[in-house]
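**Student:** These protein sequences, in sequence, are chains A and B.
Residue numbering for the first sequence follows this note's numbering, starting at 21 and increasing by one per position.
Residue numbering for the second sequence follows this note's numbering, starting at 21 and increasing by one per position.
Yeah, the Cβ is synthetic: ideal placement off N, Cα and C, and Gly gets one too.
This is the structure I have questions about; it appears just below.
Protein chains: 2
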Amino acid sequence: MNLTKKSLYPVTLDGFDEKLKREEIKAYFHNTFDIFEKIFEVLKNDDVFYQQSEITRHPMIFYFGHTATFFINKLILMKIIEKRINPNFESIFAIGVDEMTWDDTDSENYSWPKVQEVREYRDKVRALVDNLIDTVPLTLPIKEDSPMWIILMGIEHERIHIETSLVLHRQMPLEFIKDDTYFTVETSSNKMIKNEMITIPQTKIILGVDKQKHNMYAWDNEYGNYEDEVGEFKTSKYLVSNREFVEFVEAGGYEEKSYWSEEGQKFLEITNAKHPPFWVKENNLFKYRTLTKVIDMPWNFPVDVNALEAEAFCNYKSKKENVSYTLPSEVEHKAICKYANLKEILDLSEAEANQNLNTFSSCDIDTHSFNGIYDVVGNVWQWSRTPIFGFDGFEPHVAYDDFSTPTFDDKHALINGSSWASSGNLIMNDSRYAFRRHFFQHAGFRYVISTNKDKKDMDIYESDALVSQYCEFQYGDNHFGVENFALACAKIASKYSINTTKALDLGCATGRATFELAKTFDSVEGIDFSVRFVQVGTNLQEKGVVTFQSPDEAELFTNKKVTIEELGYENLKDKVSFWQGDACNLKPNFHSYDMILATNLIDRLYQPRLFLDTVDQRLNDDGILILTSPYTWQESSTKKEFWLGGYKDENGNDVKTIDTLKTILSEKFELVHTQDLEFVIKETKRKYQHTVSEVSVWKKK
Amino acid sequence: MNLTKKSLYPVTLDGFDEKLKREEIKAYFHNTFDIFEKIFEVLKNDDVFYQQSEITRHPMIFYFGHTATFFINKLILMKIIEKRINPNFESIFAIGVDEMTWDDTDSENYSWPKVQEVREYRDKVRALVDNLIDTVPLTLPIKEDSPMWIILMGIEHERIHIETSLVLHRQMPLEFIKDDTYFTVETSSNKMIKNEMITIPQTKIILGVDKQKHNMYAWDNEYGNYEDEVGEFKTSKYLVSNREFVEFVEAGGYEEKSYWSEEGQKFLEITNAKHPPFWVKENNLFKYRTLTKVIDMPWNFPVDVNALEAEAFCNYKSKKENVSYTLPSEVEHKAICKYANLKEILDLSEAEANQNLNTFSSCDIDTHSFNGIYDVVGNVWQWSRTPIFGFDGFEPHVAYDDFSTPTFDDKHALINGSSWASSGNLIMNDSRYAFRRHFFQHAGFRYVISTNKDKKDMDIYESDALVSQYCEFQYGDNHFGVENFALACAKIASKYSINTTKALDLGCATGRATFELAKTFDSVEGIDFSVRFVQVGTNLQEKGVVTFQSPDEAELFTNKKVTIEELGYENLKDKVSFWQGDACNLKPNFHSYDMILATNLIDRLYQPRLFLDTVDQRLNDDGILILTSPYTWQESSTKKEFWLGGYKDENGNDVKTIDTLKTILSEKFELVHTQDLEFVIKETKRKYQHTVSEVSVWKKK
């Protein structure tokens, strides 16, 4: 690996020469993969890979494997490759990044592999991706449906983990860390820098990139349209420095509850924080933790805090000066960028901003001026007061439908600008990232004096059309006299099950059958591939409510709300749990079920045999497997070579799914029952999908 | 107009520079529009525009307007423009090119405009298209869903009419024609050229262009995959010349029925032909008609004949020599191209083939050698024995879904190669054109000695999935106890109609309601926008049968057949007629109805108000209008600004379709009845669309 190699800027999607574009992408891929591996060299030895930097996080080994398995899992999902490199790695390293209830971060559930094995695995992934970069069909400009897009997605995903892993590594106790000259640290001056307020005039802000015109990779939440009129406001000239922040610490800011929001007070209770996280108190003096060492306090570096600490500082300062300071909103930050004449990042030289891993620490807040405002981008991220949301026209990318949607929950605040550790899409002008308010990143803040109203009210009704459609299907009205399908399936499961300790609702969608099965079973796990769906069941469990939009005519909707009391599930909520998972590569800890229900699942799997060939191993003796499906095979879900039926074989004979199921399952199962079962999915008040699924009940031999 | 301008080759779809591409396309558009107008200068004066060259064809004025209105009609359909230039022109010049029963070519139904008006109209279209070429969104490469594709479609459509109009003009009596030095004619030598047979070795032929890779505009029938193994065969070195053909004429070939197929004998009966069409008998000597004059017989020019004459010649020659001569198949012609090392046409110089309007006549058959075989392309088209069909993966382009499908009927034979009048896509290596066997083009033939079997059996079952789905909907089984929708609608029409002389089934699809209404009405006209659908009703009327594929599981189907006797419609077939038409711009001759039924139509129209605002004018006194619709508005059919409901107005109030219908229609109609009416469309044996349409019955005030 070339240690002197700088972090490259991301590639453009257009161009004149496909061959050249492949070379550019390969260079960018290697640069990304190399830097990611390089930052794990700060871990003193292989044993450290099994340590966690925080109790809520996986150990380091998880992240080391995760960015590589991401490529494979997405390539498999998009049917660009068919064969996994290591199914076990690609299941245990698959998920568990954000603090979601459906992310399983309990390490006891895993037996982690050796670091050397993961290194070898990463090399194999590198070779596979290299080969794909050379060979996948490529037309310029690269579009969202191009296989190359999936490779760019994998690269940009890894860029995010470079940024976040640098936080986790910086949080590791120094005893686990070794230094390396690669990880340069800036020095701070003794200058006294006084912050001041600069007036930003009224302006109109238009956000959202155009799918047809944008020539860089972008995440789903960056596309669409959003307009806002931003009234005149004042912004601080500089980011808040360690020096500016120490006044708050010394004034007892961490002890005065009135400065802290409810969420902030909870943070203080749990962490018992008394000062910013990378400040180290030694002999009553504050020192400062960089990535790999503790140094004298660089007073003119920006302070690293979470959003709750930043808000508390603003409240303290407001009270003291009797002027209302807040964090800027997303559009106010864009107004600052406009005032500052911020250039396209690709035109910005290294000397103009502290980002793109030019160095491995913050620098003084008076280093980088943008038309008189400092650090408009770079140095550290700047917390905003705006929870992330989707612009008009938002739609998730089919290969990664849970990149953004789970964060559209009012709990994830946008971070403006970028940090020294940001690269790739993270530093592009139009990119949008958000984190939970109590998370630590290389993030600080600037403050504003503003009377601008925040335009966006978070919509509490599920506006994701597909998820809403499923909510209506599982929690809405019956149509044409057809019984609720989730209830009917649960009845069949109850009738045919022999033991009732634990059940699995695989492909649980919005979770109705999971709850319903808990009337019969002691515990029920609901698993779905899409977090967009899993969230609904989780919300019902945690908040006791399902809210959705029921379609009327074209774009007209009725808002609907169903409570856990109305459903009669109050006493069942501790018996169910929801997880994200892939039925074709389920994690090993999902086992010992008395009943597995897979409703309308098999004809939507990318390789249904991967599920069927091993499902018996997850069932107890006398275990029951229940499949329901209308057998609507389609190439968009399942490559034709993996269809279980619905085609003619080489002799011209019809191959029917039920016959293939019998062939696959008969060795390990006895087919005890089949029946037709109707279901109706509402598309509008006048238009419905009316389907007759075949239910087959299989008893483990 | 620059008369010296050569015919340009078509533009490629890819490129580096959008601005340059717009310029290329504009130059190609003007070149096409200019040449098309130039060839109408052979008509002696404006009066000649109202003459027909054949009784089955429209007068010249139709074609002169047609190629311009095609642009507008397609641009409207694809919602690239919203306002018509001249609704009347765009309706009367819209259709009537092929000899289809649903093409109305009866001139008494039209009052044709002045030539000068059409010239001015063409200028307006030219200006509009010019402006679009400058301004429509453009990303390279141009794809099928790009607005620029529709402009290329209009250009290539006009190129076809340059070729076919040159035939019509050549068929016009000389008294209507004036000469022009622009229309150069080649001269023929006196040389004796003896035809001989050349052996083409066995080879594998792969046909069909790849949608992702092909960088030229192509028609729907050129995409897809087709493979065939072609066994060794022999081909004639030269096209059949006038000299070679005269032997057949002099041997009484046109009188000897045994040489002629059934279709050929019918052709002889109707036309009383005694020799090729462009031979002129003067004083017992054969002379030769070129585009603008009669010249001494050029014995070494290829003969111009239709497929029936070409087949008869082969039969004559076979009998004489006791060797089986036939026309080549499509793949045999491709094997000849391969043997001849035929280059990409774009690399072919003017001197290498007689095509692209280098001149305006044939030339001697020994002029252009391709590795020892002459006129592999160019000079005149060469009839094949292969009826045109769709390759695997065929799908019609949404803007022109009846370009190819109506010709997949076993009655349209592919023509190989190209002629002196061919340009644009017509001369590309991968293009595929077909004509009825009795049609005249600038077409002749070469013969082969071959034992190759023709792979493709014409599938008599409707394999167009959407058309099959509608056949099942209208002629198939009932599901979930829901009555056949066409029958239920006809019952309602019968109940509410006051007079019963003439009815219109607008949006008739596969025609079931049209027939059913004929039980009540003396005559019923069925109109649909898509010829793919209209064909089904026509087939039932003419052949007494509807055949289709009813879907079972995924790609498995059951072939179904319904006869006119089973339907009980034998006595109704003379009461119905089917037409292609656009409900938003219906031709003026559709009027005087007692009842108009529009089932599931209004939410699929590009501008439904264009229909609703004037429908009263087509109804008699006491006329009844019946609408049925589930109001499933979608942007792909109707731009949102033209929706009649299903959205919120600027005040945030729900706009419902039924209310808008009342507003639009109440001035001229009384709403006499509304009801819900269910229908079920089968997608597979287990999956159905189950819809509840709203029926509204309106009586003309």
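1) Can you tell me which residues form a DSSP beta bridge with residue 691/A?
2) Mind checking if residue 666/A is an interface residue toward chain B, Cβ cutoff 7 Å exclusive?
3) From residue 302/A to residue 267/A, what distance separates their C-alpha atoms?
4) Alpha carbon to alpha carbon, what distance is there between residue 279/B and residue 478/B?
5) Can you name the residues of chain A whose CB is closer than 9 Å to the CB of residue 610/B?
6) Would you mind giving the Cβ-Cβ distance between residue 484/B and residue 520/B, rounded to the nearest angstrom? I have them listed as a contact below 8 Å.
7) With 16 as the cutoff for other CB atoms within 10 Å, does residue 354/B come out buried or exposed?
8) Could you work out which residues of chain A lie near residue 355/B, taking near to mean beta carbons separated by less than 8 Å?
9) When burial is assigned at 16 or more other CB atoms within 10 Å of the CB, is residue 367/B buried or exposed?
10) Spatial neighbours of residue 264/B within its chain, please: CB distance less than 7 Å, with the 5 preceding and 5 following residues excluded, ordered by chain position.
11) Thinking C-alpha only, which one of 179/B, 236/B, 44/B and 34/B is nearest residue 83/B?
12) Counting only Cβ pairs nearer than 9 Å, list the residues of chain A close to residue 676/B.
13) Is residue 250/B near residue 472/B, with beta carbons less than 7 Å apart?
14) Using a cut-off of 8 Å between C-beta atoms, extract the partners of residue 161/A located in chain B.
15) Which residues in the same chain as residue 632/B place their Cβ atom closer than 7 Å to its Cβ, once the five residues preceding and following it in sequence are excluded?
16) Can you tell me where the beta strand (DSSP E) with residue 314/A in it begins and where it stops?
17) How long is the line joining the alpha carbons of residue 398/A and residue 437/A, rounded to whole angstroms?
18) Leaving out the 5 sequence neighbours to the left and right, which residues in its chain are closer than 7 Å to residue 693/A when beta-carbon positions are compared?
19) For the beta strand (DSSP E) containing residue 456/A, name the first residue and the last one.
20) Kindly say whether residue 650/B, judged by its beta-carbon, lies nearer than 7 Å to any beta-carbon of chain A.
21) Would you tell me roughly how many angstroms separate the C-alpha atoms of residue 447/B and residue 341/B, rounded to the nearest one?
22) What does residue 699/A pair with, by DSSP beta-bridge criteria?
23) Helix or strand or just coil, what does DSSP make of residue 599/B?
24) What does residue 36/A touch in chain B if you count any residue whose Cβ is under 7 Å from its own?
25) Using beta carbons (cut-off 7 Å, strictly below), is residue 653/B in contact with chain A?
26) Please report how far the alpha carbon of residue 510/A lies from the alpha carbon of residue 635/A, in whole angstroms.
27) Name the one or two DSSP bridge partners that residue 255/B has.
28) Using the beta-carbon of each residue, which ones in chain B are nearer than 8 Å to residue 500/A?
29) What distance in whole Å lies between the Cβ atoms of residue 552/A and residue 596/A, which are believed to be in contact at a cut-off of 8 Å?
30) For the beta strand (DSSP E) containing residue 579/B, list its first residue and its last residue.
31) Are there 16 or more other CB atoms within 10 angstroms of the CB of residue 621/B, so buried, or fewer, so exposed?
32) Are the CB atoms of residue 460/B and residue 297/B within a distance shorter than 7 Å?
33) Per DSSP, residue 432/A forms a beta bridge with which residues?
34) Is any beta-carbon of chain B found at less than 7 Å from that of residue 580/A?
35) How would you call residue 36/B, buried or exposed, if buried means at least 16 neighbouring beta carbons within 10 angstroms?
36) Taking Cβ-Cβ distances below 9 Å as the criterion, which residues of the stretch 686 to 707 of chain B are in contact with chain C?
**Tutor:** Quick look at the numbers:
1) As a position in the first sequence, residue 691/A is number 671, starting the count at 1. 718/A.
2) Here residue 666/A is taken as the residue at index 646 of the first sequence, counted from 1. So yes, residue 666/A belongs to the interface.
3) Looking up residue 302/A in the first sequence gives position 282. Looking up residue 267/A in the first sequence gives position 247. Spanning the two alpha carbons is a distance of roughly 18 Å.
4) As a first step, residue 478/B is located in the second sequence; it is residue number 458 there, counting from the start. As a first step, residue 279/B is located in the second sequence; it is residue number 259 there, counting from the start. A caution first: residue 478/B carries a pLDDT of 48, below 50, which makes its placement in the model too unreliable to give a value.
5) The count along the second sequence starts at 1 and reaches residue 610/B at position 590. Within 9 Å Cβ-Cβ: nothing; residue 610/B doesn't reach chain A, min ~29 Å.
6) Numbered from 1 along the second sequence, position 464 holds the residue referred to as residue 484/B. Numbered from 1 along the second sequence, position 500 holds the residue referred to as residue 520/B. Wrong, their Cβ atoms sit about 34 Å apart, outside the cutoff.
7) The residue labelled residue 354/B in the question sits at position 334 within the second sequence. Buried, because 16 or more other Cβ atoms sit within 10 Å of the Cβ of residue 354/B.
8) Along the second sequence, read from residue 1 onward, the residue named residue 355/B stands at position 335. Correct list: empty, because the minimum Cβ distance to chain A is about 27 Å.
9) Here residue 367/B refers to the residue found at position 347 when the second sequence is read from its first residue. Burial call: exposed.
10) Here residue 264/B is taken as the residue at index 244 of the second sequence, counted from 1. In its chain, beyond the 5 residues on either side, 215 have a beta carbon closer than 7 Å to the beta carbon of residue 264/B.
11) Taking the second sequence and counting its residues from 1, the one referred to as residue 83/B is at position 63. The shortest Cα separation from residue 83/B among 179/B, 236/B, 44/B and 34/B belongs to 179/B.
12) Locating residue 676/B in the second sequence gives position 656, where the first residue counts as 1. Neighbours of residue 676/B across chain A, judged by C-beta separation under 9 Å: 572, 573 and 576.
13) Counting from 1 along the second sequence, the entry for residue 250/B is found at position 230. Counting from 1 along the second sequence, the entry for residue 472/B is found at position 452. Yes. Within cutoff.
14) Residue mapping note: residue 161/A aligns to position 141 of the first sequence, counting from 1. Within 8 Å Cβ-Cβ: 159.
15) By one-based count along the second sequence, residue 632/B stands at place 612. Same-chain partners within the cutoff: 684 and 685.
16) Indexing the first sequence from 1 puts residue 314/A at position 294. First-last of the beta strand (DSSP E) with residue 314/A: 314 to 316.
17) Within the first sequence, the letter at position 378 stands for residue 398/A. Within the first sequence, the letter at position 417 stands for residue 437/A. If you take the alpha carbons of residue 398/A and residue 437/A, they lie about 6 Å apart.
18) By one-based count along the first sequence, residue 693/A stands at place 673. Within the same chain, 516 and 717 come within 7 Å of residue 693/A by CB-CB distance, once the 5 residues on both sides are set aside.
19) On the first sequence, residue 456/A is found 436 positions in, with the first residue counted as 1. For residue 456/A, the enclosing beta strand (DSSP E) stretches over residues 453 to 456.
20) The residue you call residue 650/B lines up with position 630 of the second sequence. At least one chain A Cβ lies under 7 Å of residue 650/B.
21) Residue numbering aside, residue 447/B sits at position 427 when the second sequence is read from its first letter. Residue numbering aside, residue 341/B sits at position 321 when the second sequence is read from its first letter. Approximately 34 Å between the Cα atoms of the pair.
22) Locating residue 699/A in the first sequence gives position 679, counting from the first residue. Its beta-bridge partners are 711/A.
23) Here residue 599/B refers to the residue found at position 579 when the second sequence is read from its first residue. In the structure shown, residue 599/B sits in a strand (DSSP, three-state: E or B).
24) The sequence position of residue 36/A within the first sequence is 16, counting from 1. Neighbours of residue 36/A on chain B, chain order: 36.
25) Residue mapping note: residue 653/B aligns to position 633 of the second sequence, counting from 1. Among the residues facing chain A, residue 653/B is included, as its CB has a counterpart in that chain under 7 Å away.
26) Walking along the first sequence from the start, residue 510/A turns up at place 490. Walking along the first sequence from the start, residue 635/A turns up at place 615. For residue 510/A and residue 635/A, the distance between alpha carbons rounds to 19 Å.
27) Here residue 255/B refers to the residue found at position 235 of the second sequence. Answer is 218/B and 468/B, bridged to residue 255/B.
28) To locate residue 500/A, count along the first sequence from 1; it is residue 480. Result: 500 and 710.
29) For this step, residue 596/A is matched to residue 576 along the first sequence. For this step, residue 552/A is matched to residue 532 along the first sequence. Rounded, the Cβ-Cβ distance is 18 Å, inconsistent with contact.
30) Here residue 579/B refers to the residue found at position 559 of the second sequence. Its beta strand (DSSP E) spans residues 577 to 583.
31) Here the question's residue 621/B lines up with position 601 in the second sequence. Buried.
32) The residue you call residue 297/B lines up with position 277 of the second sequence. The residue you call residue 460/B lines up with position 440 of the second sequence. Closer than 7 Å, so yes.
33) Taking the first sequence and counting its residues from 1, the one referred to as residue 432/A is at position 412. Answer is 456/A, bridged to residue 432/A.
34) Within the first sequence, numbered from 1, the residue matching residue 580/A stands at position 560. Residue 580/A does not count as touching chain B.
35) Along the second sequence, one-based indexing puts residue 36/B at 16. Classification of residue 36/B: exposed, given that the 10 Å Cβ count is below 16.
36) Annotation note: the requested chain C is absent from the structure, which comprises protein chains A and B.
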